[in-house]
Structure formats: C-alpha cells, structure tokens
Amino acid sequence: MGKKNSNRNAPQQAGAAAVATPSSAARERLVAMLLASLENASRVYQDRGKNLDLDVEPAWLSSVVERFQTDGDADLIHWVERFAEVCKELGKLKDGLVEEVGERCKEAKDLVNEALFRESQVQERVAELEEKNRFIEETRGELDAERRAVADKHAELLELQRGLNAREINAEAGFAEQNAQALQQLKNHQHQLKKQHEAEVEKIQLEKQRLAEQCSDAARKLAEIKLTCTEEESARVRRLDEREHELSQRKAELDRARSRLDREWADVGREKAEIEALLAEEMKEERSSHEQALARLERAQEKAWAKIDELREKLAGMQVLQRALGEQTPADILEQLDSLQQENTDLKRQLNQSGSAELQLECDYLRQSKADLERELAALRPELDDLRREMSTKRVAATELEAVAREKRTLELHKNTLDAHINDLESRIDHLTNAQKAQTPFPAMSQMDSARDYRASIQLEPVADLKQFAEELQHRIARAEHPVELFYPLEDIRILLGGLAMSQLHVFQGISGTGKTSLAKAFAKAMGGFCTDIAVQAGWRDRDDLLGHYNAFERRFYEKDCLQALYKAQTPRWKDTCNVILLDEMNLSRPEQYFAEFLSALEKNNQDERLISLAETEMPGAPAMLREGRKVLVPANVWFIGTANHDETTNDLADKTYDRAHVMTLPKQDRRFNIKHYDPAGFSYASLNKSFDYACNKHQQEVTELLGQLGKAPLSQQLERDFELGWGNRFEKQAKRFIPVVNAAGGNSGEALDHLLSTRIMRKGKVTGLYDLKVDAIRTLLSNLENFWLEAGLDDEPRKCLQLLEADIHRLEDMN
Numbered sequence: 002m003g004k005k006n007s008n009r010n011a012p013q014q015a016g017a018a019a020v021a022t023p024s025s026a027a028r029e030r031l032v033a034m035l036l037a038s039l040e041n042a043s044r045v046y047q048d049r050g051k052n053l054d055l056d057v058e059p060a061w062l063s064s065v066v067e068r069f070q071t072d073g074d075a076d077l078i079h080w081v082e083r084f085a086e087v088c089k090e091l092g093k094l095k096d097g098l099v100e101e102v103g104e105r106c107k108e109a110k111d112l113v114n115e116a117l118f119r120e121s122q123v124q125e126r127v128a129e130l131e132e133k134n135r136f137i138e139e140t141r142g143e144l145d146a147e148r149r150a151v152a153d154k155h156a157e158l159l160e161l162q163r164g165l166n167a168r169e170i171n172a173e174a175g176f177a178e179q180n181a182q183a184l185q186q187l188k189n190h191q192h193q194l195k196k197q198h199e200a201e202v203e204k205i206q207l208e209k210q211r212l213a214e215q216c217s218d219a220a221r222k223l224a225e226i227k228l229t230c231t232e233e234e235s236a237r238v239r240r241l242d243e244r245e246h247e248l249s250q251r252k253a254e255l256d257r258a259r260s261r262l263d264r265e266w267a268d269v270g271r272e273k274a275e276i277e278a279l280l281a282e283e284m285k286e287e288r289s290s291h292e293q294a295l296a297r298l299e300r301a302q303e304k305a306w307a308k309i310d311e312l313r314e315k316l317a318g319m320q321v322l323q324r325a326l327g328e329q330t331p332a333d334i335l336e337q338l339d340s341l342q343q344e345n346t347d348l349k350r351q352l353n354q355s356g357s358a359e360l361q362l363e364c365d366y367l368r369q370s371k372a373d374l375e376r377e378l379a380a381l382r383p384e385l386d387d388l389r390r391e392m393s394t395k396r397v398a399a400t401e402l403e404a405v406a407r408e409k410r411t412l413e414l415h416k417n418t419l420d421a422h423i424n425d426l427e428s429r430i431d432h433l434t435n436a437q438k439a440q441t442p443f444p445a446m447s448q449m450d451s452a453r454d455y456r457a458s459i460q461l462e463p464v465a466d467l468k469q470f471a472e473e474l475q476h477r478i479a480r481a482e483h484p485v486e487l488f489y490p491l492e493d494i495r496i497l498l499g500g501l502a503m504s505q506l507h508v509f510q511g512i513s514g515t516g517k518t519s520l521a522k523a524f525a526k527a528m529g530g531f532c533t534d535i536a537v538q539a540g541w542r543d544r545d546d547l548l549g550h551y552n553a554f555e556r557r558f559y560e561k562d563c564l565q566a567l568y569k570a571q572t573p574r575w576k577d578t579c580n581v582i583l584l585d586e587m588n589l590s591r592p593e594q595y596f597a598e599f600l601s602a603l604e605k606n607n608q609d610e611r612l613i614s615l616a617e618t619e620m621p622g623a624p625a626m627l628r629e630g631r632k633v634l635v636p637a638n639v640w641f642i643g644t645a646n647h648d649e650t651t652n653d654l655a656d657k658t659y660d661r662a663h664v665m666t667l668p669k670q671d672r673r674f675n676i677k678h679y680d681p682a683g684f685s686y687a688s689l690n691k692s693f694d695y696a697c698n699k700h701q702q703e704v705t706e707l708l709g710q711l712g713k714a715p716l717s718q719q720l721e722r723d724f725e726l727g728w729g730n731r732f733e734k735q736a737k738r739f740i741p742v743v744n745a746a747g748g749n750s751g752e753a754l755d756h757l758l759s760t761r762i763m764r765k766g767k768v769t770g771l772y773d774l775k776v777d778a779i780r781t782l783l784s785n786l787e788n789f790w791l792e793a794g795l796d797d798e799p800r801k802c803l804q805l806l807e808a809d810i811h812r813l814e815d816m817n
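Numbering-wise (the working numbering), the sequence shown opens with residue 2 and increments by one.
Next comes the structure, spelled out in structure tokens:
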C-alpha cells in the first residue's frame with residue numbers, strides 16, 4: 002500500500018517494520034549463499050565436460066526461502082546441510098580423479114617392466130604409454146581447471162563474506178566497536194590461509210611438472226630400450242622406480258599438508274560461526290527489548306483510545322439528554338416530578354376510600370372461576386376423544402384378528418431363514434461400528450486443528466485511510482485474476498466497501514459476462530484471503546445441501562465445502578483475513594430454503610450468537626472450534642456473495658433475501674485505465690472493520706440528519722400512501738453503516754443513498770414493474786425524489802433511481 006495517513010496506526014507500522022527487517026536480511030543471506038553454491042556446483046560439472054543446468058530465478062528462490070521462514074528455518078537448514086553433503090561428494094569425486102591418476106601412473110610403470118621382458122611387444126607398449134601420457138595430460142588439465150574453480154569459489158566466498166560483514170555492520174551499528182577487532186583478526190587469518198593455500202597449490206604444480214618431465218624421460222628411455230636392452234638400462238629403470246617412489250612419498254606429504262589446511266579452514270569456520278551466534282544473540286536480546294517497549298506503548302494507546310470512546314459516548318448521551326430537556330432547567334423538571342408524585346398519591350388514596358376495590362375483587366374471583374371451569378372442560382375433551390377412538394379401534398380389531406393370524410403363520414416360515422442373515426449382518430455391523438468409533442466425525446475440520454498450514458499466523462497490513470485503500474483495491478483487483486485484467490469503476494469499489502460494512506450477504510446481479518463471479522474471486526485474492534466457490538444446484542432444498550449431513554451408521558459427518566470454509570476462516574492462519582464464500586448462480590434454487598438458517602443467524606446483533614447447529618446432541622471427538630461440540634460459528638470475516646442471473650431457469654429472490662442483502666447490479670466493463678503495480682500483500686480484517694467503525698462514528702450526525710429529513714419528506718409520505726412502503730429499523734441500521742463508509746472511501750451521501758433507494762425501494766416488484774399502477778403516480782414519485790435531492794443539498798443526482806423510474810414510465814405509457 003501507499004503511505005498511511007493515520008497517526009493511530011503509526012506504532013503498529015513501526016513494529017511491523019522492526020520485525021520484518023531481520024527476516025528480510027536473513028532471507029537475502031540465504032538466497033545469496035544458495036545461488037553461489039548452485040553456480041559453483043554447475044561450474045564443476047561443466048569443467049568435467051558435463052552439462053548440468055542449475056540456474057534458478059532469484060525471485061523464485063527468495064519466495065521459496067520466505068515460505069520456509071514462515072514455517073521455521075529448521076527444514077531449510079536441513080536442506081542446506083544436505084546440499085553441503087552433495088558438495089562433499091563432488092570433492093570426493095575430485096579426490097577419486099587424483100587417485101585415478103596415480104593408478105594410471107602405476108599402470109605405466111608396470112608396462113615399462115613388462116617391456117623389459119617382452120621385446121616383441123615393445124612397439125605396442127610404447128603406443129599404450131603414449132596414450133596414457135595423453136590421458137594424464139587431459140586429467141592434469143581437468144585438475145587445473147577444477148583448481149581454478151576452487152580458487153574462484155574461494156574468492157567468491159571471501160567477497161560474500163565481506164558483503165555479509167558490511168551488512169551486519171550496517172544493521173548492527175551498536176556492536177561495531179565491540180566486534181571490529183575480532184572480525185579484523187578473522188580476515189587476517191583468512192588471508193594467511195589463502196596465501197598458504199596458494200603456496201601449496203604452486204608446490205603441487207611444480208611437482209606435477211617434474212612428474213611430467215620424468216614421464217617424458219621414461220618415454221625417451223623406452224625408445225632406447227628398443228635398440229639395446231642391456232644391464233645398464235635395467236639399472237636406469239631401477240633408479241627410475243626409486244625416483245617414482247620418492248615422488249609418491251612427496252605426494253603423500255603434500256596430501257598431509259592439504260589435510261592440515263582443511264582442518265585450519267574448519268577452525269576458521271567454527272570461529273566465524275561462534276562470532277555470528279554471539280551477534281545473533283545480542284541482536285535477539287535488543288529486538289526483544291524493543292518489542293516489549295512497543296507492546297507497552299500499544300497497550301497504552303489502546304487504553305487511551307478506549308477512554309476517548311467512553312468519553313464520546315458520555316458526551317453523546319449528555320447531548321441527547323440536553324436536546325430532550327429543551328430549555329427547561331433541572332430545577333423545573335424536579336418541581337414537575339414532585340407535583341406529579343403528590344397527585345398520584347392523592348388519586349391512590351381516593352381509590353382506596355371508594356367501594357370500587359370490593360367490586361374489583363369480586364370480578365377477579367369470577368374470572369378465576371371461569372378460567373378453572375374452562376381448564377376442566379379442556380382436560381375432559383381429550384379423554385372423551387380417546388374413548389371414542391378406542392371404541393372404533395376395537396371394532397376394527399375384531400375383523401383384522403383373523404388376517405393377522407394368517408400373516409403370523411406365513412411370517413414364521415420366513416423367520417428361521419432371516420435369523421441366520423440377521424446374525425451375519427449384526428456381526429458385520431459390530432465390526433464396522435467398532436472400526437468407526439476411533440475415527441473423528443469431522444475428519445477434514447479435525448485435520449485443520451493440527452495441520453501446520455492452518456496453525457501458523459501471517460503478517461497482515463493495516464487499513465487506515467479508506468479513500469486511499471479504495472483506489473489501491475481497484476488496481477489490485479484489476480490484476481488479481483491473472484492473466485485476465487478486470488476494469489471495475491472506482492464508484493463500484495466504493496459501493497462494494499460500503500456493502501461489506503453493511504452486511505455479510507451480497508447479491509451480484511446483471512447480464513452474463515459482466516464479471517460478477519470474477520469480482521468476488523478477485524476481491525478475496527486482492528485482500529489476501531481465500532474464496533470458496535460453490536456451484537448451487539437446482540434441486541437444493543435445505544441446509545444439508547450446503548453444509549453436508551451426518552451418517553449415523555458410519556458416525557461421520559460429510560463436510561461440504563461451505564462448512565469447511567466456515568471452520569477454516571476461524572483457524573489462526575485465516576482468522577484475521579477477509580474471506581469469501583461464493584454462491585455461484587444462487588437463484589437456481591431458492592435461497593430462502595437452503596440458506597434459511599444463515600439468513601436468521603446473520604440477523605443476530607451479537608456475532609458470537611451466529612451459530613448453525615450440525616446435530617441435535619454433542620458429538621464425541623468433535624473439532625476444537627465447534628461450539629458445544631455440535632454448532633459451527635458464522636465468523637464475521639466471511640462474506641457470502643451470491644451471483645444471480647434472471648432468465649427462465651432461475652427463481653426470483655424473495656423480499657426476505659433482498660432486504661437482508663447488499664445488492665449490486667454490475668454493468669459491462671467498458672472503462673479501461675492504467676493499472677498500477679502493487680506488491681502482493683494481505684490486509685487485516687480487524688483493521689478494515691476498525692476503519693469502518695471510525696467512518697460510521699465520524700459521519701453519524703450527518704447520516705442521522707439525512708435520514709430524519711427523508712422520513713419527513715413528501716417522498717416518504719407518497720411511498721407510504723401509494724405503495725405501502727416505509728422505512729424500517731433494518732433499513733435505517735444498514736444506511737448508518739453504508740453511507741458513512743462510502744463517504745470515507747471518496748464518495749458522497751447522494752451517491753450512497755441513490756444506491757440504497759434503487760436496490761431496496763425502487764427495484765422491480767416494489768415500486769417499478771407493477772401493473773396495477775397509474776403512470777401519474779410514478780411521475781409524482783420522480784418529482785418528489787428530485788425535490789428531496791434539492792432540499793437536502795445532496796451532490797449529483799439520483800441517477801440510478803431516475804433511470805428505473807423513467808424506464809417504468811415508458812413501460813406504462815406503452816401499455817396504455
């Protein structure tokens with residue numbers, strides 16, 4: 002998101018940045034190390050003539066490391082250790098090549114000895130030795146290339162070490178003076194080791210050059226052997242063997258020196274690891290102290306805001322009381338109260354002195370007697386009905402007794418056969434029942450209680466300024482459904498935000514292809530939540546079609562996607578994200594039937610009481626977040642969005658559904674704009690809801706006055722007189738949530754009220770689309786609507802309402 006303008010959320014943003022910085026630095030170090038290791042491994046294979054492509058995209062590798070860090074670094078460290086083992090195997094491969102060179106030299110010596118005893122095969126052996134010499138030269142070239150690769154890798158590691166040291170010094174300036182001397186000593190020690198390593202490498206090269214020269218001498222001597230095989234040549238061969246033995250001893254000494262260098266390099270690595278561990282521990286302690294201080298400041302801030310809200314409520318109560326009292330003083334009110342109490346006492350005394358009290362007692366006695374007689378009569382009537390039914394039953398029983406006897410004889414013939422089958426079935430049922438007892442009745446939801454993907458929380462961004470957030474959300478939605486680009490006007494985004502604050506049930510309607518389903522899915526992705534897509538079927542009748550059903554025989558509840566989504570939204574991973582359950586083609590069946598329990602639950606003011614019962618009694622082994630072991634909560638961070646097409650295959654939505662839902666009619670997307678790029682992010686539901694509440698409190702007085710004017714306007718009087726429509730408590734409650742949020746998102750009260758009136762009052766079947774109405778009534782209503790807009794001083798004009806009314810006027814005129 003862009004820059005946040007709310008001072009109230011500034012400490013939270015600073016805390017998030019303080020927590021995110023070390024994680025990003027650690028991720029950059031891991032990514033750099035892995036890229037360098039992969040590049041070096043690929044180079045080793047390429048030097049040996051093998052094509053092994055280990056190139057990876059840094060962005061992809063960074064995302065992989067980020068996911069590992071979300072779950073914990075243990076798995077990633079384990080993978081790095083495995084990768085180190087692979088590098089060790091490469092080193093062993095290189096050592097194997099060196100041993101192979103030694104074996105080849107030994108074979109050359111054996112061939113020389115054999116040439117002394119087989120003159121007839123001298124020419125062939127010389128050719129073989131020449132071939133072996135060429136192989137040695139090729140092997141020497143490969144070893145030199147590998148040695149250069151090792152030197153390059155060593156230089157890259159040193160460069161990486163310098164970069165890491167610089168980053169650690171910049172990030173931990175407080176520890177620079179304490180650790181500068183230790184780091185300098187480490188660098189000096191590494192420089193000395195590098196010089197020693199280069200010296201040893203030069204010695205090995207010199208020895209190999211000498212070995213090459215000796216091999217060439219051996220070849221020359223073999224040529225002389227072809228001419229003369231004398232004792233003198235034999236002595237030379239023995240001296241050559243002795244020289245070769247000395248070279249072997251020299252090579253062993255070089256190997257021991259290399260082992261010593263490897264041990265010293267390992268000591269350096271351990272010292273480096275100890276220093277890094279010390280730095281990490283000190284950083285962790287300082288970060289912990291900062292986080293504790295930040296938490297204390299946040300708690301103090303929350304207490305201050307709570308105190309401010311409490312004082313605002315008291316002030317509002319005092320203002321209401323002052324408006325109710327008017328110009329009267331408290332002394333006048335108390336004086337009137339005293340006079341009324343005295344008058345009430347005098348009237349009670351006069352009533353007790355009169356004879357009406359006795360008449361009242363007698364009347365009460367007669368009423369009580371009448372009620373007792375009516376109760377006795379009501380108790381006797383069922384007994385009389387039972388006696389009559391019993392008499393009829395006995396009459397019929399006499400005629401049916403013979404038929405029952407005949408059926409009994411027939412059934413006894415089948416009883417013995419059925420007993421054997423029943424016993425077999427009982428044993429099978431007992432076996433299946435015992436097997437099912439150990440299983441949980443909700444396997445999918447129980448798995449969510451223990452799965453790591455649902456238990457780990459994530460970092461979410463706050464929503465502060467609704468106007469800025471609406472503009473950003475428009476561009477995020479445009480790129481959410483890749484590769485398709487979605488162009489929704491900013492006005493629709495503001496209306497959507499107002500609807501989210503107003504109701505958890507939404508209806509997106511319009512012609513096919515206007516992006517109803519895409520908007521629901523793109524909104525969930527842009528907010529960082531999940532969207533569960535449910536295709537409504539034409540035969541749905543009750544909530545089991547939406548949630549699933551319980552199989553008593555298997556002792557298992559078949560959890561459908563909607564039930565799993567409700568439970569998933571309550572897990573630690575998703576409990577603060579904005580999530581969507583999409584009812585695609587919701588009016589293929591009647592929502593008033595399969596969605597009835599949800600309609601009732603969403604009407605409850607207390608969100609903790611929005612429960613749906615899944616069974617009559619508590620189920621053993623039920624998931625942890627089911628209430629009473631049988632009820633699932635409809636969480637506040639889930640919105641039900643239904644798409645509705647109106648054709649011959651669908652049903653019209655009832656007023657019960659329309660009055661409880663936020664309705665949007667989506668036009669065709671024909672207005673394109675330049676899409677801005679934003680990095681992927683998730684937004685907190687709690688922060689979004691807090692922004693909604695802040696907007697409602699800020700614009701409360703303005704909206705209350707507007708609704709008061711609407712209730713007194715001729716428009717309302719005509720709606721009540723000609724259409725029998727009024728403003729209920731539900732409409733007022735929804736307007737006080739919808740209009741302020743649209744204003745805060747960059748709109749105005751006229752735009753918001755126009756949308757509410759067009760979807761709740763002026764829609765087809767309420768005001769428009771009627772056949773028993775005169776066109777003059779619609780014209781008068783249109784005129785009253787325009788006059789109210791002018792009197793209330795609302796911006797723009799009621800465009801949506803005017804379009805509906807004008808279209809209905811044309812329809813009625815065409816009919817006449």
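Here a beta-carbon is modelled for each residue, glycine too, at the ideal position from N, C-alpha and C.
In DSSP terms, what residue i is bridged to
i, result
"N580", "V639"
"S614", "K632"
"A536", "D585"
"H663", "H507"
"Y551", "F558"
"T644", "F509"
"T769", "K765"
"F684", "E462"
Contact belief for residue i with residue j at Cβ below 8 Å, rounded distance in angstroms
i, j, result
"F509", "T644", "5 Å"
"L583", "V635", "Actually they do not touch by this definition, with Cβ atoms about 16 Å apart."
"L782", "L803", "Going by Cβ atoms, the distance from L782 to L803 rounds to 11 Å, so no, they are not a contact pair."
"A682", "E462", "5 Å"
"M665", "L497", "7 Å"
Endpoints, the alpha helix (DSSP H) within which residue i is located
i, result
"H476", "L467 to A481"
"E706", "Q701 to K713"
"R738", "N730 to A745"
"D653", "Here D653 belongs to no alpha helix (DSSP H), and DSSP marks it neither H nor E."
"Y455", "R453 to R456"
"W575", "Looking at the DSSP string, W575 is not in any alpha helix (DSSP H), and its letter there is neither H nor E."
"T515", "From DSSP, T515 is part of no alpha helix (DSSP H); its letter is neither H nor E."
"W790", "V776 to A793"
"I810", "R800 to M816"
"L600", "A597 to L603"
Option nearest residue i by Cα separation, candidates the options
i, options, result
"N675", "I494, G770 and F488", "F488"
"T515", "P621, R240, D493 and H678", "D493"
"F470", "G499, S260 and A305", "G499"
"R800", "L771, R324, M763 and E792", "M763"
"Y659", "S393, P484 and S504", "S504"
"P573", "S685, R477 and G712", "S685"
"D796", "G751, L813, N817 and D777", "G751"
"S614", "E598, A294, W728 and L786", "E598"
Bounding residues of the beta strand (DSSP E) (the contiguous stretch that carries residue i)
i, result
"R557", "R557 to E560"
Per-residue burial, residue i [other beta carbons within 10 Å of its own, 16 or more giving buried]
i, result
"Y595", "buried"
"P592", "buried"
"A753", "buried"
"F531", "buried"
"V581", "buried"
"K699", "exposed"
"I535", "buried"
"G622", "exposed"
"V485", "exposed"
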